[in-house]
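Quick notes on the structure that follows.
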Amino acid sequence: MAILPVLVYPDPELKKVSEPVDFNEDLSEVLKDLLETMYDAPGCVGLAAPQCGIHKRILIVDASRNPKVESKYGLMIIINPIIEYSEGEVLAREGCLSLPDLTANVKRAQKIRARFWNENGEEREIEVSDFEARVVLHELDHLDGILFLDRVSSLKTDVFRRKQYMKKEDKAKDKPAVPQTNAPETAGS
């Protein structure tokens, strides 16, 4: 197993559309490497193979790594995903390992149903909502060469430098504890 390098924007490889996985090939090493890479990144809840220069339709999601949200499925290895249904729309903050200095407010479906194949080539279906749906959709975008910057309404008002965002949080730690009712969740890889 190995921790893979993560491509960083504006690397043109991030804009490539990925190929479907052929289950005749051995995926075990690739999957182990993707898992190790995701779990090595603090706070990372998802990773798509193209972020590591592997242009196959593979994504890994583990929303349970975010202690602020409830995860219905925990770790999911999702291969050749197809979104069959979506409903609702929610605006929330996202981050990405491939855009390490930025976060953005992105509109995504509140609930989705997806069909995919697991690491054993078995067809599966999931229905996820809220944060977990956001993570799946964010990672699925990577398979089509789409970054969260491509989905923001306004680059001027919806994109934030992570350093500035973190500084605000750091300042808040120095103040007396005050409940934060509208603190944005960060989704994505």
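Reminder that position 87 of the sequence shown reads as 87 in our numbering, one-by-one numbering, no gaps.
All C-beta atoms in this analysis are idealised placements derived from N, C-alpha and C, irrespective of residue type, glycine included.
Check, Outcome
"Limits of the alpha helix (DSSP H) - the one that F131 falls within", "130-143"
"Inter-stretch contact (C-beta, 8 Å, three-pair minimum) for the segment 42-51 and the segment 80-100", "yes"
"Candidates Q110, R115, V61: closest to V90 by CA position", "Q110"
"Cβ-based burial, R161 [other Cβ within 10 Å; buried from 16]", "exposed"
"Cβ contact (3+ pairs, closer than 8 Å) linking the segment 17-36 and the segment 112-121", "yes"
"Simplified DSSP assignment, three categories, for E125", "strand"
"Buried or exposed by the 16-neighbour rule on C-beta atoms within 10 Å, applied to P5", "exposed"
"Cutoff 8 Å; reference D158; Cβ partners in own chain excluding five residues on either side", "A104, N105, V106, V152"
"Own chain residues within Cβ distance below 7 Å of N80, not counting five before or after", "P20, V21, R57, F116, W117"
"Between the CA atoms of V61 and I77 - distance to the nearest angstrom", "7 Å"
"K68 to D130 span [Cα, whole Å]", "12 Å"
"For A109, three-class secondary structure by DSSP", "coil"
"For K16, three-class secondary structure by DSSP", "coil"
"As assigned by DSSP and simplified to three states, the class of E87", "strand"
"Counted within 10 angstroms of its Cβ, other Cβ atoms place V17 as buried (16 or more) or exposed", "exposed"
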